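Okay, structure first, notes after.
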Amino acid sequence: MSRDHFRLSRQLQRLETRLQEGKPAQQELEKLQQAITASKELLQQRLINVPAIEFPPQLPVSERRDEIAELIEKHQVVVLAGETGSGKTTQIPKICLQLGRGIKGQIGHTQPRRIAASTVASRIAEELNTPLGSAVGYQVRFTDHTDDSTYIKLMTDGILLAEIQNDPYLNRYDTLIIDEAHERSLNIDFLLGYLKRLLPKRPDLKLIITSATIDLQKFSEHFDNAPIVEVSGRTYPVDVLYRPMADSDADLYESIVATVDEILESEKGGTRRGGDILVFMSGEREIREAALALRHANFPHLEVLPLYARLSLAEQNKVFAGHRGRRVVLATNVAETSITVPGIRYVIDPGFARISRYSFRSKIQRLPIEAVSQASANQRMGRCGRVSEGICYRLYSEEDFLSRPEFTDAEILRTNLAAVILQMLNLRMGDVRKFPFIDMPDSRLLNDGFKLLEELQAVDRKGQVKPLGRQLMTLPVDPRLGRMVLAAAKHNCLREMLIIVSAMSIQDPRERPAEKKQAADEKHRRFNDEHSDFLAYLNLWDYAEQQRQDLSQNQFRKLCQKEFLSWLRLREWREIHHQLLTALKPLNLKANKEPASYEHVHRALLPGLLGNVGNKAEDREYLGARNRRFMIFPGSSQVKKSPAWIVAGQLLETSRVFAHQVAKIEPGWVLQAAQHLLKRNQYEPHYDAKSGQVMAYERVSLYGLTLVEKARVIFGNIDPVTAREVFIRAALVEGNYRGKGEFYRYNKQLQEELLELEAKSRRRDILVDDEIIYRFYDERVPAGIFNLVSFESWRKETEANAAQARLLYMSREHLMQHDASAITEAQFPKTLTVEGLTLPLSYHFEPGSEADGVSIQVPVPALHLLPELRLQWLIPGLLREKCIQLVKGLPKQWRKHFVPVPDYVDKALAAMKPDNVALAEALGHQLKRQTLVEIPADEWDKVVVDDYYRMNIQVVDERGKVLAQSRDLTALRERYRDQLQQTLQSSDSSLERTGIERWDFDELAETTQLKRAGMQITAYPALLDEGSSVALRLLDNPLEAQQSSLRGVTRLGMLSLQDLVKPLSKSLLKGKDMGLTMVSLGRREEVVDDLLLAAVRQSCFAAGLVRTQVDFEAALAAGRKQLTGAAQEMEKLLLQVLTSVVAIRKAIKSSKNALAIATAAGDINVQLQRLLYPGFLYATPLQWLQQYPRYLKAIELRLEKAPSQIQRDKMWTAELEQLWQPWLERQQKEGELLFAANERAQEYRWMLEEYRVSLFAQTLKTIAPVSDKRLKKLWSEI
């Protein structure tokens, strides 16, 4: 027997060697003789038992069997092309058997599919009149119906490939028939390449390649121009009718229904004979939709049957069983060549199929629906006309047909090649790229296969097999699945993984008939796991095994049928599981006895599925490796849960990319499984002063999918050169050094001194830039120093050497770019002394920042002491530049008198001395001395200088912390007014009192000294009027204290003169309440109080404020006699005023020209409000109060003239408003009380009233010359 030849020859060689060496060999010789005898006897027996061979005469191959036999006799390789129905599949093995082939070795006959292997074997056995499994047998995965008597062995091409591993010369066979070679599956192409190399080594081996009439020349050329025999297969003609349809799915099903209807209608007239209809569909979903459409069409007596690979065996067998009536068989491309459906007279071909294509770019196995090639279309056409003439309806145009590719791409050109490559490496076939494939795959596909094996750690980067790869070769499953098994051994979950992997190697045993989907889903739901589709396999396995052991085989089959489980697939599952267990024994890998955890199982899955990891993105979409986007398949138990991270058993592209067999995972598990594939990108290296290390953020990704976004890592271990630079820059240059080196404090002190010089001079070219400082350290710190620990160790060692003790110390020469001799402390002092206080100054050169320029630090208690005008003078070093900017900011009409500006400013400054006067006023005065040109005060006010030419006031607390800062002293004082008062009031209680009704205290001092915030500050005692008494308080402003105290002393005097005041209070303004209300002066009591207060001041304190009890008593004694008369005179004046006001308002109200005098009336009302208000009697100096009757008379005269001089009145009103505006603004800014102390400002205010008299009542005369020009001049002086 040929299967024994190689083995027996090797035994004979070993026996000869032993004999030559003189070793005993009798026992071995006897065994060899017995083996040879047994082989000869088997051969003889096979010769005798060859079955009788007959050939059906109606088949075309039978007619040409002599010609075919002769070619097989003469040639080692024959290519036989037979169209559908030619009989090539069943008759060629019989021709070989008749030629004496199959005696010494078997006739191996491969089929692409298991169903074809079993059905063809049955057919040949039937024709040879022998039971299946003896003379003719078949072997498919886990099913072997052959024995030593088998001549013809049908098998899948995968079985033959598996046998190569143990029988590389295929000695078991003397003849091989590779059927359906035109399908060009991966297995077929690999077999043909392998046989190309094997045939020269096995000259006795015959090879017959049978194919449809597709691309025959390519097979012939591959085997050195082997002869081709073409045998016709159609014994009846087939008409082709084109019925183009639109593109949509709806039109497809409508077209199928319409075509079936056309067929049935054509038969009614008796013009055609009946027969079954075969419709080619692209997939299971399309078959279900078409079946639904046909059933809804209600064709009478028409049975609709599906046919596809995943269908249960019972359902498939219905297609081949005898039947009555008409059938429509809806089939995938499985019916193109592999299976001949009997009784087919009509074919409907929509022209599409799902073609499996692997994308080496996206790493996804796609199943797109594509237009079939011309060869496939012709194969489909050949399925009819087997029993009589046939008709093929193509649902596309003839032009479309002619434009299609001639042949379908071989599978090897459109699939992942990892398994093939691993198998070739296992068989030591050398360089894969030199293997004699019929069509050499794209180098990118080969590279992709190697990359997958590298991902699985089966090969190294050079393509050499690693130990783990050798283990993978021994496992009878896909490399990915094998990798999971090996990982499971490490994670102690081998029991669970064997179940899962064997399940993933077969079609899902859970069946889901189209008409019973819901019931099937309900039955299967109990197997689901909360987080993992993989664990559902475990649940199903445990259930099925328990039932199998508890029930008889027949009962178990019935249970499977009832619960929508495929009994055959469950059996296949167990067989693969057993095969894997067997394969693991040589590897010494044993299954765990204790149940594995969820984590361990899924950690073990990951090494085989690293490309199928996904992270939740949005809208239930996941982002996966290589930027792929996919969704969880709707049939998964996880589709509604949408875990954050998942792994999928398979990514498959149909209508879109779907993840099948999904489980929830943690990204940390992926990190561990993918160590050899991870990309680690460090970014943002930075120095961490606390740890003294240069750190970085690390982004960890797998094929572009980010697993960790921002992990902190020590950067020095990764990139010591860059880490050293970061350390020097951040720690030593930028100031984050936390070591104990004295050099650093010395160098920083030097830098701070130079930075202060820069801030003072407002230039950035004194201190060298950071790059120079970096270079200083870079030249001295040795390589390999990139953290604080290593630096400190080196520094201590260096400084211990006296010669290098100051190696890291800088000098001014190292740090200075330019000389700064002009920046002296006289020009840029560190402190400023004002009002006896020495306050610190700081300098900042930060344009745009709040503290840019010069800042003075002031504690809250001293805030009131700052002389605002003095601050305008800044410090000597900036005064000149500020003055130059002030002059240059003037309008051209003024600026032109001072060219060149610096020269004029220098001369002015020579005569100026900082004081508490406005800088612009002092500068203007000196410029006037030089040029006789006087610049109006309001022109100076309009000039805007840069912020750094205005003193920045920083309010600090007792510890020097800045509480607030501003260049507006008034705003700061207002903000901290209450706090300042609290500070002053928290002083010695002897200085403050309330409820004082007589002078029973010491002298009212002008000032007093307090110690606050560590400094001496000045406070100003004041007597405050509180109505029924007075209070002694400390104030922060001398003018406010002066004004408040004058009123307080007056109130105290009024309280001391009660014997006179009480009678006057009752008699004054008696019965005048109504008149007072009309002029909005308040209640009578309030007006009388104001009147008496004014009378007491006039009679007793006209000379001003008294500060001692003696002077107070003397003032009262001197004024007592005058008080009553003064009060009565003031009452008389007030009544006169009230009478005039009432008359004025009556005149305005009753005017017949109200509209014409509206502007005048409005101005008069404003004037009256400024003259008459609650408290005006005390607030108005007596000399001006006595002018009120004249002012009111002027108003009356104005009202008389107003209707006749409307425009002139409006012009004067506008002019008066312009003159009033600066006064009002100044009053608002300084406060009424302080402004009232400004005598010049008060003079201006009353001169405005005089100016009104001059405008509207010239006949009344004024008390002093007044005009618009005089008023403006007076204001400019103010």
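First residue of the sequence shown: 0, per numbering that gives the first Met the number 0; consecutive thereafter.
All C-beta atoms, glycine included, are put in the ideal place defined by N, C-alpha and C.
Keep in mind the model is a prediction, meaning the values are calculated, not measured.
On the DSSP letters alone, give me the boundaries of the beta strand (DSSP E) that Y241 sits inside. Here residue 241 is taken as the residue at index 242 of the sequence shown, counted from 1. First-last of the beta strand (DSSP E) with Y241: V237 to Y241.
In the DSSP output, what is Y621 paired with across the bridge? For the purposes of this step, residue 621 is identified with residue 622 of the sequence shown, where counting begins at 1. For Y621, which the question treats as bridged, DSSP gives the partners K615 and F629.
In chain order, what residues of the same chain lie with their CB nearer than 8 Å to the CB of I255, ignoring the 5 residues before and after it? On the sequence shown, position 256 is the one that residue 255 refers to. V278, A289, A292, L293, I347, P349 and L394.
Extent of the continuous alpha helix (DSSP H) run through L197: Here residue 197 is taken as the residue at index 198 of the sequence shown, counted from 1. From DSSP, the alpha helix (DSSP H) with L197 extends over L185 to L197.
Tell me whether D1024 is buried or exposed, calling it buried when 16 or more other Cβ atoms sit within 10 Å of its Cβ. As a working mapping, residue 1024 is identified with position 1025 in the sequence shown. With 16 or more other Cβ atoms within 10 Å, it is buried.
If contacts are defined as beta-carbon pairs under 8 Å, then K663 and H530 qualify, I think. What distance do you get, rounded to the angstrom? What you label residue 663 is simply residue 664 of the sequence shown in a count that begins at 1. What you label residue 530 is simply residue 531 of the sequence shown in a count that begins at 1. That belief holds up - the Cβ atoms of K663 and H530 are roughly 4 Å apart, short of 8 Å.
Return the first residue and the last residue of the alpha helix (DSSP H) that V419 is part of. In the sequence shown, residue 419 corresponds to position 420, counting from 1. From DSSP, the alpha helix (DSSP H) with V419 extends over A417 to N425.
What is the C-beta distance between A502 and Y536, in whole angstroms, given that I count them as a contact (C-beta under 8 Å)? For the purposes of this step, residue 502 is taken as residue 503 along the sequence shown, with counting starting at 1. For the purposes of this step, residue 536 is taken as residue 537 along the sequence shown, with counting starting at 1. Yes, A502 and Y536 are in contact; Cβ-Cβ is about 4 Å, under 8 Å.
Whether L96 touches I163 by CB criterion (8 Å): The count along the sequence shown starts at 1 and reaches residue 96 at position 97. The count along the sequence shown starts at 1 and reaches residue 163 at position 164. Against a cut-off of 8 Å, the Cβ pair of I163 and L96 comes out as no contact.
Hey, Q506 and R309 are a contact pair by Cβ (cut 8 Å); roughly how many whole angstroms apart? Within the sequence shown, residue 506 is the residue found at index 507, counting from 1. Within the sequence shown, residue 309 is the residue found at index 310, counting from 1. Contact flag correct, Cβ pair sits at about 6 Å.
Where S654 falls, given that 16 or more other Cβ within 10 Å makes a residue buried: Locating residue 654 in the sequence shown gives position 655, where the first residue counts as 1. Exposed is the call here.
Assign D769 to one of three DSSP states: helix, strand, or coil. Taking the first residue of the sequence shown as position 1, residue 769 is located at position 770. Of the three classes helix, strand and coil, the one that applies to D769 here is helix, per DSSP.
Less than 8 Å between the C-beta atoms of L329 and K317, yes or no? The sequence position of residue 329 within the sequence shown is 330, counting from 1. The sequence position of residue 317 within the sequence shown is 318, counting from 1. In this structure, K317 does not lie closer than 8 Å to L329 by Cβ.
If we count Cβ pairs, one from each stretch, closer than 8 Å, do we get three or more for the stretch 118-133 versus the stretch 183-202? no
Once the 5 residues before and after L1122 are set aside, which same chain residues still bring their CB inside 7 Å of it? In the sequence shown, counting from the first residue as 1, residue 1122 sits at position 1123. For L1122, where only same-chain residues beyond five positions count, the Cβ hits under 7 Å are L1056, L1059, A1094, V1095 and S1098.
Measuring only the C-alpha atoms, how far is F406 from A374? By one-based count along the sequence shown, residue 406 stands at place 407. By one-based count along the sequence shown, residue 374 stands at place 375. Whole-angstrom Cα-Cα distance: 5 Å.
Whole angstroms are fine: how far does the CA of I1262 sit from the CA of L1115? Taking the first residue of the sequence shown as 1, we reach residue 1115 at position 1116. Taking the first residue of the sequence shown as 1, we reach residue 1262 at position 1263. Computed Cα separation, rounded: 32 Å.
Can you tell which of P475, W1219 and K891 has the C-alpha that lies nearest to the C-alpha of G157? Stepping through the sequence shown from its first residue, residue 157 is reached at position 158. Closest by alpha carbon: P475.
Based on DSSP bridge pairs, tell me the residues matched to M154. Position 155 of the sequence shown holds residue 154. Partner(s): T109 and Q138.
Taking the alpha-carbon of D1162 as reference, which of L1215, G1118, A1126 and K1145 has the nearest alpha-carbon? Mapped onto the sequence shown, residue 1162 falls at position 1163. Closest option to D1162, Cα to Cα, is L1215.
I need the straight-line Cα distance from L455 to I771, nearest angstrom please. As a first step, residue 455 is located in the sequence shown; it is residue number 456 there, counting from the start. As a first step, residue 771 is located in the sequence shown; it is residue number 772 there, counting from the start. If you take the alpha carbons of L455 and I771, they lie about 52 Å apart.
Suppose the cutoff is 8 Å on Cβ atoms and the five residues either side in sequence are ignored; what does the same chain contact list for A850 look like? Along the sequence shown, read from residue 1 onward, the residue named residue 850 stands at position 851. Hits under 8 Å: S841, H843, N951, Q953 and Q964.
Let me know if A211 comes out buried or exposed under the rule of 16 or more other beta-carbons within 10 Å of its beta-carbon. Position 212 of the sequence shown holds residue 211. The residue in question, A211, is buried, as its Cβ has 16 or more Cβ neighbours within 10 Å.
Delimiting residues of the beta strand (DSSP E) encompassing K663: Here residue 663 refers to the residue found at position 664 when the sequence shown is read from its first residue. From DSSP, the beta strand (DSSP E) with K663 extends over V656 to K663.
Report the residue from E991, L1009 and K1010 whose alpha carbon sits nearest the alpha carbon of L1003. On the sequence shown, position 1004 is the one that residue 1003 refers to. Of E991, L1009 and K1010, the residue nearest in Cα terms is E991.
Using only CA atoms, which one of D1267, A1235 and Y696 lies nearest to Y1250? Stepping through the sequence shown from its first residue, residue 1250 is reached at position 1251. Answer by Cα proximity: D1267.
Please identify the residue among P858, T1258 and R344 whose C-alpha is closest to the C-alpha of G959. Within the sequence shown, numbered from 1, the residue matching residue 959 stands at position 960. Looking at the Cα atoms, P858 is the closest of the given residues.
Once you ignore the five residues that flank K589 on each side, which residues in its own chain have a CB closer than 6 Å to its CB? Stepping through the sequence shown from its first residue, residue 589 is reached at position 590. Closer than 6 Å at the Cβ level, and outside the excluded window around K589, lies no residue.
Beta bridge counterpart(s) of E369 as assigned by DSSP: Along the sequence shown, one-based indexing puts residue 369 at 370. DSSP, once it has assigned bridges, lists A352 as partnering E369.
If you follow the beta strand (DSSP E) that C1301 is in, where does it begin and where does it stop? No statement about residue 1301 is possible, as the shown extent of the chain runs from 0 to 1277 and does not include it.
Threshold first: 4 residues or longer. Then list the alpha helix (DSSP H) segments lying entirely within the stretch 728-760, N to C. 741-760
Suppose you measure from the CA of L31 to the CA of L11; what does that come to, to the nearest Å? Within the sequence shown, numbered from 1, the residue matching residue 31 stands at position 32. Within the sequence shown, numbered from 1, the residue matching residue 11 stands at position 12. Distance between the alpha carbons of L31 and L11 is about 7 Å.
Would you call P846 buried or exposed, if buried means 16 or more other Cβ atoms sit within 10 Å of its Cβ? The residue you call residue 846 lines up with position 847 of the sequence shown. Exposed is the call here.
What's the gap between the Cα of P875 and the Cα of K912? Here residue 875 corresponds to residue number 876 of the sequence shown, with the count starting at 1. Here residue 912 corresponds to residue number 913 of the sequence shown, with the count starting at 1. One C-alpha to the other measures close to 10 Å.
Is DSSP giving Q1204 helix, strand or coil here? Stepping through the sequence shown from its first residue, residue 1204 is reached at position 1205. Residue state, collapsed to three classes: coil.
Expressed to the nearest angstrom, what Euclidean distance is found between the alpha-carbon atoms of L968 and T830? On the sequence shown, position 969 is the one that residue 968 refers to. On the sequence shown, position 831 is the one that residue 830 refers to. Approximately 18 Å, taken between the alpha carbons.
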